[in-house]
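J.: First, the structure itself, so that you have it in front of you.
Residue numbers (this note's numbering), protein chains in the order written: chain A, 40 to 207; chain B, 56 to 247.
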């Protein structure tokens, strides 16, 4: 098996082609392929509802940083560069405080990504109202929510598999 | 001692945004919701997520594989992973659904009562404790999940393939909870 058989989850979990855990993952092709398909639908969907692929990658990078996976953030930084970064997007990705100059639409999105990544338990109706007030449409609210939730899922899969690779 | 068995109430869910209206939905949304002339009843949850049909379809497929795929980790213990994540994230609706499924599959009202009444600290029997401890850490702060916690799962008879299933069930609820608990709230089931 060549390196090309490794997907993002294998690489970031430290799984080698031919390793026991690599083989175990392939016994669940629905998980492996399903995760990659989901990644496309939240990072580079056909219908983005006006949330660009670059903004999505910047947010994914930011969330990965907050979760403590710099390696995952670095992958999203590369995707951001490919999609066309700019100083504002790079600032979002870096995890910096929301700039005072940021427009209301973007700052509401960033605030929501931070909140739902860190303390989903604290979110309430008021947080969705805030998104609506900042001008997000219903499809944008759902697309944003799925993106946030995906990155949180992915990071947990990575952490779990990395730990499992270390035990006998 | 109470003689009544501990029961978790069934709940319903209500969104904070207007769900897609089946009458005005696009072809893609109708296909995502699997609306057919003989099936026009779609839950508010599905109609809410159908605003973005692409992600809805892909995630539902993955979700079903993780929770229901044949073989591997016992379905009851996948439900326990879902319940622990939902308890950490305080998704009352998800917790009620998956607590009830866990009890149906395992008969372990005692575990659910402990979680609902006293929380995730336990004590539980050793295997349950190992599952709860690992899924709690992974759900709360992934960086605090430890190799020792995974070793404890191995020590209690779980194969690596079982643990892969458990990781996915807890992780997919890190996803589901971030939809259900942020986009709406639980409501009592309407009296029939």
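Ideal Cβ placement from N, Cα and C applies to all residues, glycine included.
Owing to the predicted nature of the structure, the values given are computational and were not obtained by experimental measurement.
Count the other CB atoms, across all protein chains shown, that sit within 10 Å of the CB of residue 117 (chain A); report buried if there are 16 or more and exposed otherwise.
T.: Position 78 of the first chain, counting from 1, holds the residue named residue 117 (chain A). So residue 117 (chain A) counts as exposed.
J.: Taking Cβ to Cβ, would you say residue 225 (chain B) is nearer than 8 Å to residue 126 (chain B)?
T.: Position 170 of the second chain holds residue 225 (chain B). Position 71 of the second chain holds residue 126 (chain B). No. Outside cutoff.
J.: Beta-carbon within less than 7 Å of residue 244 (chain B)'s beta-carbon, same chain only, minus the 5 sequence neighbours each way: which residues are those?
T.: Translated into positions along the second chain, residue 244 (chain B) becomes position 189. Contacts found: 65, 66 and 67.
J.: In chain A, which residues lie less than 9 Å from residue 225 (chain B) when you measure between Cβ atoms?
T.: The sequence position of residue 225 (chain B) within the second chain is 170, counting from 1. The answer, in chain order, is 195 and 199.
J.: Can a CB atom of chain B be found closer than 8 Å to the CB of residue 109 (chain A)?
T.: The sequence position of residue 109 (chain A) within the first chain is 70, counting from 1. No, because no Cβ of chain B sits closer than 8 Å to the Cβ of residue 109 (chain A).
J.: Using a Cβ cut-off of 9 Å, which residues of the stretch 85-118 of chain B contact any Cβ in chain A, in chain order?
T.: Hits within the stretch, in order: 103, 104, 105, 106, 107, 108, 109, 110, 111, 112, 113, 114, 116, 117 and 118.
J.: Could you check whether the Cβ of residue 64 (chain B) sits closer than 8 Å to any Cβ belonging to chain A?
T.: Residue 64 (chain B) sits at position 9 when you count from the first residue of the second chain. Taking Cβ atoms only, chain A never reaches closer than 8 Å to residue 64 (chain B), which makes this a no.
J.: Residue ranges of each beta strand (DSSP E) run of no fewer than 3 residues wholly in the stretch 144-221 of chain B, ordered along the chain?
T.: DSSP runs (the beta strand (DSSP E)) wholly in the stretch 144-221 of chain B: none.
J.: Pop quiz: residue 119 (chain A) and residue 141 (chain A) are said to be a contact at Cβ under 8 Å. What is the actual Cβ separation, rounded to whole angstroms?
T.: Residue 119 (chain A) sits at position 80 when you count from the first residue of the first chain. Residue 141 (chain A) sits at position 102 when you count from the first residue of the first chain. Not really, about 17 Å apart at Cβ, beyond 8 Å.
J.: Where does the unbroken alpha helix (DSSP H) through residue 126 (chain A) begin, and where does it stop?
T.: In the first chain, residue 126 (chain A) corresponds to position 87, counting from 1. Unbroken alpha helix (DSSP H) run through residue 126 (chain A): 126-133.
J.: Could you tell me the alpha carbon to alpha carbon distance between residue 178 (chain A) and residue 70 (chain B), rounded to whole angstroms?
T.: Reading the first chain from its first residue, position 139 is the one you call residue 178 (chain A). Reading the second chain from its first residue, position 15 is the one you call residue 70 (chain B). Their Cα atoms are separated by approximately 14 Å.
J.: CB residue 153 (chain B) to CB residue 161 (chain B), shorter than 8 Å?
T.: Within the second chain, residue 153 (chain B) is the residue found at index 98, counting from 1. Within the second chain, residue 161 (chain B) is the residue found at index 106, counting from 1. Cβ distance not < 8 Å, so residue 153 (chain B) and residue 161 (chain B) don't count as in contact.
J.: Roughly how far, in whole angstroms, is the beta-carbon of residue 234 (chain B) from the beta-carbon of residue 184 (chain A), given that I think they are within contact range, below 8 Å?
T.: Within the second chain, the letter at position 179 stands for residue 234 (chain B). Within the first chain, the letter at position 145 stands for residue 184 (chain A). With a Cβ gap of about 6 Å, residue 234 (chain B) and residue 184 (chain A) count as contacting.
J.: Would you give the residue range spanned by the alpha helix (DSSP H) that residue 112 (chain B) belongs to?
T.: As a working note, residue 112 (chain B) is residue 57 in the second chain. Element bounds for residue 112 (chain B): 108-123.
J.: Within 10 Å of its beta-carbon, does residue 180 (chain B) have 16 or more other beta-carbons around it, so buried, or fewer, so exposed?
T.: Translated into positions along the second chain, residue 180 (chain B) becomes position 125. Residue 180 (chain B) is exposed by the Cβ-count criterion.
J.: If you draw a straight line from the alpha carbon of residue 241 (chain B) to that of residue 143 (chain A), how long is it in whole angstroms?
T.: Residue mapping note: residue 241 (chain B) aligns to position 186 of the second chain, counting from 1. Residue mapping note: residue 143 (chain A) aligns to position 104 of the first chain, counting from 1. Each residue's Cα considered, the two are about 30 Å apart.
J.: Please state if the CB of residue 205 (chain B) and the CB of residue 139 (chain B) are separated by a distance shorter than 8 Å.
T.: Stepping through the second chain from its first residue, residue 139 (chain B) is reached at position 84. Stepping through the second chain from its first residue, residue 205 (chain B) is reached at position 150. Result no, Cβ atoms of residue 139 (chain B) and residue 205 (chain B) do not sit closer than 8 Å.
J.: So which residues of chain A does residue 72 (chain B) contact, with C-beta pairs closer than 7 Å?
T.: Residue numbering aside, residue 72 (chain B) sits at position 17 when the second chain is read from its first letter. Ordered by position in chain A, the residues that pass the 7 Å Cβ test against residue 72 (chain B) are 167, 177 and 180.
J.: Quick one: which chain A residues come within Cβ less than 7 Å of residue 243 (chain B)?
T.: For the purposes of this step, residue 243 (chain B) is taken as residue 188 along the second chain, with counting starting at 1. Chain A residues near residue 243 (chain B): none, gap ~17 Å exceeds 7 Å.
J.: In the DSSP assignment, what residue or residues form a beta bridge with residue 239 (chain B)?
T.: Here residue 239 (chain B) refers to the residue found at position 184 of the second chain. DSSP lists B:70 as partners of residue 239 (chain B).
J.: Taking residue 171 (chain A) as part of the alpha helix (DSSP H), name the residues at either end of that continuous run.
T.: Reading the first chain from its first residue, position 132 is the one you call residue 171 (chain A). Where residue 171 (chain A) is concerned, the enclosing alpha helix (DSSP H) stretches over 164-172.
J.: Is there at least one Cβ from chain A nearer than 8 Å to residue 68 (chain B)'s Cβ?
T.: On the second chain, residue 68 (chain B) is found 13 positions in, with the first residue counted as 1. False, the Cβ-Cβ gap to chain A never drops below 8 Å.
J.: What do you get for residue 84 (chain A), buried or exposed, if any count of 16 or more other CB atoms within 10 angstroms of its CB means buried?
T.: Position 45 of the first chain, counted from the start, is the residue given in the question as residue 84 (chain A). It is buried - the Cβ of residue 84 (chain A) has at least 16 other Cβ atoms within 10 Å.
J.: Can you tell me which of A:137, A:82 and A:86 puts its alpha carbon nearest to the alpha carbon of residue 114 (chain A)?
T.: The residue you call residue 114 (chain A) lines up with position 75 of the first chain. Out of A:137, A:82 and A:86, A:82 has the C-alpha closest to the C-alpha of residue 114 (chain A).
J.: Along the chain, where does the alpha helix (DSSP H) that runs through residue 191 (chain A) open and close?
T.: Reading the first chain from its first residue, position 152 is the one you call residue 191 (chain A). Segment 177-205, the alpha helix (DSSP H) holding residue 191 (chain A).
J.: Less than 8 Å between CB atoms is the rule here; does residue 192 (chain A) satisfy it with respect to chain B?
T.: Looking up residue 192 (chain A) in the first chain gives position 153. Yes - at least one Cβ of chain B is within 8 Å of the one on residue 192 (chain A).
J.: In terms of residue numbering, what span does the alpha helix (DSSP H) encompassing residue 120 (chain A) cover?
T.: Residue numbering aside, residue 120 (chain A) sits at position 81 when the first chain is read from its first letter. That run of the alpha helix (DSSP H) goes 109-122.
J.: Give the straight-line distance between the Cα atoms of residue 40 (chain A) and residue 122 (chain B), rounded to the nearest whole angstrom.
T.: Residue mapping note: residue 40 (chain A) aligns to position 1 of the first chain, counting from 1. Residue mapping note: residue 122 (chain B) aligns to position 67 of the second chain, counting from 1. Because residue 40 (chain A) sits at a pLDDT of 43, beneath the cut-off of 50, its placement in the model cannot be relied upon, and the following sentence gives the value as read from the coordinates. Rounded to whole angstroms, residue 40 (chain A) to residue 122 (chain B) spans 30 Å at the Cα level.
J.: If you drop the 5 nearest sequence neighbours on each side, which residues of the same chain put their C-beta closer than 7 Å to that of residue 150 (chain B)?
T.: To locate residue 150 (chain B), count along the second chain from 1; it is residue 95. Around residue 150 (chain B): 138, 141 and 142.
J.: Any contact between the stretch 42-53 of chain A and the stretch 76-90 of chain B? By contact I mean 3 or more CB pairs, one from each, below 8 Å.
T.: No: fewer than three Cβ pairs fall under 8 Å.
J.: Quick test of your reading: residue 131 (chain A) and residue 101 (chain A), contact by CB under 8 Å. State the CB separation rounded to the nearest angstrom.
T.: As a position in the first chain, residue 131 (chain A) is number 92, starting the count at 1. As a position in the first chain, residue 101 (chain A) is number 62, starting the count at 1. Right, their Cβ atoms sit about 6 Å apart.
J.: Give a yes or no on whether the C-beta atoms belonging to residue 103 (chain A) and residue 94 (chain A) are separated by under 8 Å.
T.: One-based indexing of the first chain puts residue 103 (chain A) at position 64. One-based indexing of the first chain puts residue 94 (chain A) at position 55. Taking 8 Å as the Cβ cut-off, residue 103 (chain A) and residue 94 (chain A) do not qualify as a contacting pair.
J.: Check each residue of the stretch 161-183 of chain B: if its Cβ is closer than 8 Å to any Cβ of chain A, include it; give the result in chain order.
T.: Those residues of the stretch 161-183 of chain B that come within reach of chain A (Cβ to Cβ, closer than 8 Å) do not exist; the list is empty.
J.: Tell me which residues share the same chain as residue 96 (chain B) and place their Cβ nearer than 8 Å to its Cβ, disregarding the 5 neighbours each side in the sequence.
T.: On the second chain, residue 96 (chain B) is found 41 positions in, with the first residue counted as 1. No residues qualify anywhere along the chain.
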